[in-house]
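Residue numbers (my numbering), protein chains in the order written: chain A, 798 to 1086; chain B, 4 to 327.
In structure tokens, the structure reads:
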């Protein structure tokens, strides 16, 4: 029993870290641009597929480094070409636009790489278990968690200590004032979108190594990411981080006791949070309304 | 307030010609559709999607609040009707009543949690609630049929004692039945929009802060509007189940919500009849593209992107602007 609980707990943490990477990217874009990027899961898939293409040439490690940057460039271009046209319009247009974009990207992956799942080869040593007792904890899983921790730490450092990062944070709070101070808000939003896409691409490479690739691999991750954001509190990245881990672990632990409710439990958590603390766990007053 | 009323007049009290043309076309569908290569079932599907989108548009177009999860109420209506026919009684009216109540009441309850949120956050929470219903239908195999959907029920003929209307086997009669329900529902919608309550919805859409300063209970009105639109969308869902004799879990999925939003926007979300036009286009496109290519997703996606970038006012909105 302990083994089973432990197994699911680690699973939950790992799934939770994916939610966190996805949700942080989404959250960044929502906070600064007020756009819910429905295509975020498709950026994740593209990150994974790019790694699949790159691995034969530069190996897994190279792909892990390069693929997120390529995804970020794609995100940057998509923002420049499409998303920026809807910032000043009703929210419905940004939702429909990214929704349609997600369809196109998913079909594109299916067209190029085929509808059937593909494996992403990870280095041999990574798939071995850390200790024989806990067979389910492979080095790759440990590695994934470490990478996510580094990425999240780097993101928070970027937002705190760099000029662009500070402007992004300032823009989240009061975009008009930031624009009035002479910051090029349009470029800021493009960079911000690129950072969000980078996180999606990184999540895609990591997920592909664990679960393999398929064109709709992002679909299962996007809803929990929304919920991580709502639970954590819109406007707070720390909240998103907490929300992602919380629902990941909660879903995994439910799997031990009542498997068919494992998806339902994250929605129950969301409903409870909305009832008892409408602004989310760490959300600021007024951000969610 | 004057701008609000004039705009309301332009959309709610529409020219008589428009009304006559629309109803003349709808009433004669079985006569002319076969010549264009269509079939009556697809016309019924257009009406069902139009009703769902027009119900949704009460919220989006006339209250200015964005839900991206109306598939939930559509799907709950469909499952409610299907489950009634399968387990309770072989009666079409009862199935429609219970299905509409299921979807409408679920929406009303969710609405309580929603009303204080706005904009993208409102949309996100509605999406998430929609997915709850999807997962329940998907996971509860023995009751809902899970992934395969709910099968094993057929709509019943309408029995009035003295005479019987066989909508069960006669597709044309069923089309007229759907048209009858559609007519009643949109008539009711027009009445609601003309009532003082409807005017208040428009006021909230035009300027929420001002409406609040005037002392209007904005939250309560948004909640009511959300609830009303859920009842109409659920009613459309029950007709969808009757049309196909099947309730599909994908009818609850957020992709379906996206379709409902798209139909509304494509037709013209600030206009009363826009969603009907949008449904005609959308159903035709879906039918045509899915018969032509397996890459239908890119086509639908491309239509979404093009409509957003180049035709944000929708067809009806463009026509009205040209006239006015």
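Note that beta-carbon positions come from the ideal geometry of N, C-alpha and C, so glycine has one too.
Using a CB distance cut-off of 8 Å, residue 254 of chain B does not count as an interface residue toward chain A. For residue 160 of chain B, the three-state secondary structure derived from DSSP is coil. Apart from the 5 residues on each side of it in sequence, residue 79 of chain B sits with its Cβ closer than 7 Å to the Cβ of 105, 106, 109, 136, 237 and 240 in its chain, given in chain order. At least one CB atom of chain A sits nearer than 8 Å to the CB of residue 298 of chain B. Around the beta-carbon of residue 274 of chain B, 16 or more other beta-carbon atoms lie within 10 Å, marking it buried. Among the CB atoms of chain B, none fall inside 8 Å of the CB of residue 824 of chain A. Contact between residue 899 of chain A and residue 839 of chain A holds: their C-beta atoms lie close to 5 Å from each other, under 8 Å. In the three-state DSSP reduction, residue 915 of chain A falls in the strand class (E or B). Contacts with chain A at 8 Å (Cβ-Cβ) do not include residue 23 of chain B. The three-state secondary structure of residue 1010 of chain A, taken from DSSP, is strand. Taking residue 289 of chain B as the centre and dropping the five residues before and after it, the same chain places no C-beta closer than 6 Å to its C-beta. Residue 63 of chain B belongs to the set of residues whose beta carbon lies under 8 Å from a beta carbon in chain A.
Judged by their CB atoms, residue 69 of chain B and residue 889 of chain A are nearer to each other than the 8 Å cut-off.
Interface annotation for the segment 106–136 of chain B against chain A: 116, 119, 120, 121, 122, 123, 124, 126, 127, 128, 130, 131, 134 and 135, criterion Cβ-Cβ distance under 7 Å. Residue 265 of chain B and residue 61 of chain B have their C-alpha atoms roughly 15 Å apart.
Using a 10 angstroms sphere on the CB of residue 134 of chain B, the tally of other CB atoms reaches 16 or more, which defines it as buried. Apart from sequence neighbours up to five positions away, the residues of its chain that approach residue 861 of chain A with a beta-carbon distance below 6 Å are 1002, ordered along the chain.
Residue 1061 of chain A and residue 809 of chain A have their C-alpha atoms roughly 15 Å apart. Contact annotation, residue 201 of chain B with residue 195 of chain B: C-beta distance approximately 5 Å; criterion of less than 8 Å satisfied. Taking a 10 Å sphere around the C-beta of residue 959 of chain A, we find fewer than 16 other C-beta atoms and assign the residue as exposed. Chain order gives the chain B residues near residue 883 of chain A as 311, 312 and 315, where near means a beta carbon separation below 9 Å. Beyond the five residues adjoining it in sequence on each side, residue 1045 of chain A comes within less than 6 Å, by CB distance, of 809, 812, 813 and 816 in the same chain, given in chain order. Non-local beta-carbon contacts of residue 998 of chain A in its own chain, meaning distances under 6 Å to residues more than five positions away in sequence, involve 844, 864, 865 and 868 in chain order. Note that the C-beta distance between residue 300 of chain B and residue 971 of chain A is not below 8 Å. In the displayed model, residue 959 of chain A falls within coil according to three-state DSSP, outside both helix and strand.
Counting the other Cβ atoms within 10 Å of the Cβ of residue 178 of chain B gives 16 or more, which makes it buried. Counted as a single uninterrupted DSSP element, the alpha helix (DSSP H) harbouring residue 208 of chain B occupies residues 199–209. Taking one beta carbon from each stretch, the segment 1035–1043 of chain A and the segment 1010–1026 of chain A have 3 or more pairs nearer than 8 Å; the two touch. Chain A has no Cβ within less than 8 Å of the Cβ of residue 179 of chain B. Listed as beta-bridge partners of residue 168 of chain B by DSSP are B:161.
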